[in-house]
Amino acid sequence: MDEGGHLVSIHSQEEQEFVEKYWFSSRDYVPNLVRMDYYSLVRKPFSLLYIGLHDSDHDGRFEWTDGSPVDFEHWLEGEPSGGYEDSVMLWDRHNNRNRGRWNDVISMTPRLYGPFMCKISPLKSE
Numbered sequence: 001m002d003e004g005g006h007l008v009s010i011h012s013q014e015e016q017e018f019v020e021k022y023w024f025s026s027r028d029y030v031p032n033l034v035r036m037d038y039y040s041l042v043r044k045p046f047s048l049l050y051i052g053l054h055d056s057d058h059d060g061r062f063e064w065t066d067g068s069p070v071d072f073e074h075w076l077e078g079e080p081s082g083g084y085e086d087s088v089m090l091w092d093r094h095n096n097r098n099r100g101r102w103n104d105v106i107s108m109t110p111r112l113y114g115p116f117m118c119k120i121s122p123l124k125s126e
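Numbering follows the UniProt record's numbering, in which position 21 of the sequence shown is assigned residue number 21; successive positions increment by one, without gaps.
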């Protein structure tokens, strides 16, 4: 990326909370961040957000797209489950204790298309 951006990497509980807060508030504010519910055909807010963690190079060895170390984790219980699930997303489980937890999923699954968040490096002064 020319501007130094990548899918967001999360390195602390503070960053996790920032990502969740920004995602929830922007999702609720921007009317286009909705999807047609697969079962009821009702417009609902997206309940997932892709982040930059993946294990597409080596199953079970997660890394951030920006190359930073994996020094914080916030997995759902029983995750990561591995196999063909190479991408990672945050789930919004409607205010229960799992809201914002991470889940590995199969990349590019049509039912799981959704928004993502990026992070850019601070601008360097000249």
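Note that CB positions come from ideal geometry on N, CA and C, so glycine has one too.
D86 and H54: beta carbons closer than 8 angstroms?
yes
Beta-carbon within less than 7 angstroms of L41's beta-carbon, same chain only, minus the 5 sequence neighbours each way: which residues are those?
In this predicted model, L41 has a pLDDT of only 49, less than 50, meaning its place in the structure is not dependable enough to derive any value.
For E7 and I106, I'd like the C-alpha separation in whole angstroms.
Sequence check: residue 7 is Leu here, not Glu. Distance between the alpha carbons of L7 and I106: 17 angstroms.
On the DSSP bridge list, what partners appear for residue 143?
What the structure shows of the chain is the stretch from 1 to 126, and residue 143 is not part of that stretch, so it cannot be assessed.
Take the Cβ of Q16 as the centre, count every other Cβ of all protein chains shown within 10 Å, and call the residue buried at 16 or more, exposed below.
buried
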